[in-house]
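Here is the structure we will look at, set down as structure tokens.
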Amino acid sequence: MTLTELLGRRAATDPGAQYFNVYDEMISYGRLWAESLRYATGLARAGVGAGDKVCLIYPTCAEFFYTFVGALRLGAIPVPLYPTLSAEATASIFRDSEAVAVATIGWFRPGVNAAAHAAGITAILEPPDLEADGPSVALPLTRPEATAFIQYTSGSTGHPRGVVLSHANVVETIRFMAEAAGLTREDRVVSWLPLYHDMGLIGCAFTPPLLGAPVWLLPPDLRNPRHWLELVTQIGASFTVSPDFGYRNCVRNVHDPTGLDLSSLKSALSGAEPVRLSTIEAFEKKFNLKNIVAPCYGLAEATLAVAIWPRATPLRLDTSSKVLSVGRPCRGVSVRIMPPPPDDGGALPPNREGEIWVKSPGVMQGYYNNPAATAEVLRPDGWLRTGDLGFVDAEGYLFVTGRLKDVIIVGGENLAPTDIEEAVDHLPGVRYSAAVGVDSERTGTQRIYVVAEVREPGQTPEAHSHLIKEIVSRVLATCGHRPARVLLVRPGTIPKTSSGKIQRSRLGHLIGAGALQDQVVHGPGAHGGA
2 MTLTELLGRR
12 AATDPGAQYF
22 NVYDEMISYG
32 RLWAESLRYA
42 TGLARAGVGA
52 GDKVCLIYPT
62 CAEFFYTFVG
72 ALRLGAIPVP
82 LYPTLSAEAT
92 ASIFRDSEAV
102 AVATIGWFRP
112 GVNAAAHAAG
122 ITAILEPPDL
132 EADGPSVALP
142 LTRPEATAFI
152 QYTSGSTGHP
162 RGVVLSHANV
172 VETIRFMAEA
182 AGLTREDRVV
192 SWLPLYHDMG
202 LIGCAFTPPL
212 LGAPVWLLPP
222 DLRNPRHWLE
232 LVTQIGASFT
242 VSPDFGYRNC
252 VRNVHDPTGL
262 DLSSLKSALS
272 GAEPVRLSTI
282 EAFEKKFNLK
292 NIVAPCYGLA
302 EATLAVAIWP
312 RATPLRLDTS
322 SKVLSVGRPC
332 RGVSVRIMPP
342 PPDDGGALPP
352 NREGEIWVKS
362 PGVMQGYYNN
372 PAATAEVLRP
382 DGWLRTGDLG
392 FVDAEGYLFV
402 TGRLKDVIIV
412 GGENLAPTDI
422 EEAVDHLPGV
432 RYSAAVGVDS
442 ERTGTQRIYV
452 VAEVREPGQT
462 PEAHSHLIKE
472 IVSRVLATCG
482 HRPARVLLVR
492 PGTIPKTSSG
502 KIQRSRLGHL
512 IGAGALQDQV
522 VHGPGAHGGA
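For the sequence shown, the residue numbers in the working numbering are 2 to 531.
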């Protein structure tokens, strides 16, 4: 079955049932199907044909779905993009994807116009251009092996790459994801995740229709996380999803939980970035929950999911009591732990850390127009190198420990930046932190740099100096090494992807180029050691 068929069958059998609710407007499967036909016709009249790429730059709205599904029905290939990328970055993806048109909405036009001009695209379409009435266009028959859409990676370790996914990739993945997450037709799903990211699009927008579970959508710019929890309370939601930072924001910024009742939740998945036990414990304690927040692991190159912790099950820690398991691999997914390059030995035994390799029905077709990058990660036998580090215990539970490229190597010892960040983030004056390794010609090894966003940039120099000393002390106690430098910076300085992952590679480049100095709030931020 294709994704198009799945939605078409739902429209045929449950035309009046809610697909999603956005801005208090209920969109049924029948309405989606009717509007997507109008949009398919509008795309065709604008010159878009089968196999053509159409970039979608929308906020969370019904028109995104009409355009996306309309493109699928036409046999075109939608490419959902992050709306607030720079014009230069957007133009780069326009060129890379070989898009022939861009579908967007009014308030994004200035940036879209600039990017489209730079990329030589003249077809910029808004909903009024796509809402075609009159005779409908003839729609081709799409096969499961055909490309469904291209999702661009968030660029946590480099430039975004276009992950090509077939209809079979998507449909088979949502099947085993729904099973692993315990999703049923009776669930009520709330999501604030952006539709241009795999977790929001595939996990929250395309998985529920498999079973007919209704979805409520919120915009991703939740400056006040209470809105998310209020919606869960209001509709009695049983299922929601967020990266770790979303739950952490609730703990920090929802000061009074009065009026919030999250007891309807049966599962709240946590993924897209390292899952912290401290976050889960604090969130569940604050909102009187138990065994609700469930770790999960996946990546765009595997369509989305690899492993999901089962509902209502106590969490599992490794023998060090530091790393949470993300569960056993989903049905039909195989995982092996391999020694990182340049070692080319066989799979490692249980409890040995190495690079996580995955084989599943969700493994991508490749990176669009990038055979060299595809060959780096996708082997001819179907195994995908994830670039993530982890291990599997004797009972088959997967533990994710970090990114291969993010590991800090000090004097031959491998240090996980997440361990350092976990320690620093607990200091009262720290809003968010990131740890990176910076190569040192003098020592011949890497040195630890800690960048910490402060909660109150206007504090006295004495207060900031004291915070630096506390950070140094915490890092030393955590990993046995003193940081070479601690930079206290303004909120929002640490670069992140659209899904909230720290861009450590980019941060390292910014440090090396001295590009953070304007954001430093206390002197040069230097502290001897290392």
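We put the CB at the ideal spot given by N, CA and C, even for glycine.
Where S474 is concerned, the enclosing alpha helix (DSSP H) starts and stops at P462 to C480.
The beta-carbon distance between L4 and H168, rounded to whole angstroms, is 5 Å. This is short enough to meet the 8 Å contact definition. In this structure, DSSP gives L305 a state outside helix and strand, which the three-state scheme calls coil.
Relative to the Cα of V455, the nearest Cα in the group I472, S466, Y433 and T446 belongs to Y433. Distances from the alpha-carbon of D97 to those of A104, K54 and V70 put K54 closest. Here R10 is actually not in contact with S37; their C-beta atoms are around 14 Å apart, not less than 8 Å. At the C-beta level, A72 and V101 stay beyond 8 Å of one another. In the DSSP assignment, C251 falls outside any beta strand (DSSP E) and within the unbroken alpha helix (DSSP H) covering D245 to N254.
Counting C-beta atoms within 10 angstroms of its own C-beta, S335 has fewer than 16 neighbours from the protein chains shown and is therefore classed as exposed. Beta-bridge annotation (DSSP): R189 is not paired with any residue.
L86 and D382 have their C-alpha atoms spaced approximately 36 Å apart. Under a 10 Å Cβ-count criterion, D257 is classified as exposed, with fewer than 16 other Cβ atoms of the shown protein chains found around its own Cβ. The continuous alpha helix (DSSP H) containing K286 extends over residues L278 to K287. For the options A104, V437 and V70, the alpha carbon positioned closest to that of Y83 is the one of A104. The residue from A306, L318, P341 and G346 with its alpha-carbon nearest to that of G333 is A306. For the pair G363 and V23, the Cα-to-Cα distance works out to about 29 Å. Taking a 10 Å sphere around the C-beta of L318, we find fewer than 16 other C-beta atoms and assign the residue as exposed. A straight-line Cα-Cα distance of about 20 Å links M178 and T148. Inter-residue distance for F65 and S321 is about 45 Å (C-alpha atoms, whole angstroms). Boundaries of the alpha helix (DSSP H) around I512: R505 to G513. R110 and Q504 have their C-alpha atoms spaced approximately 27 Å apart. In the DSSP assignment, Q447 falls within the beta strand (DSSP E) that extends over T446 to V455. Taking 8 Å as the cut-off, the Cβ atoms of V138 and Q152 do not count as close. Straight-line measurement puts the Cα of A238 at about 16 Å from the Cα of M27. Between A133 and G43, the C-beta spacing is below 8 Å.
Residue A47 holds the alpha-carbon nearest to the alpha-carbon of P129 among A47, E471 and E180.
Burial state of K502 is buried, judged by a 10 Å Cβ sphere holding 16 or more other Cβ atoms. In this structure, G355 lies near L390, with their beta-carbon atoms less than 8 Å apart.
With a cutoff of 8 Å on beta-carbon distance, P79 and F69 are scored as near each other. V172 and Q366 have their C-alpha atoms roughly 14 Å apart.
The segment 41 to 115 contains, as complete alpha helix (DSSP H) runs of 4+ residues, the segments 63 to 75 and 88 to 98 (chain order).
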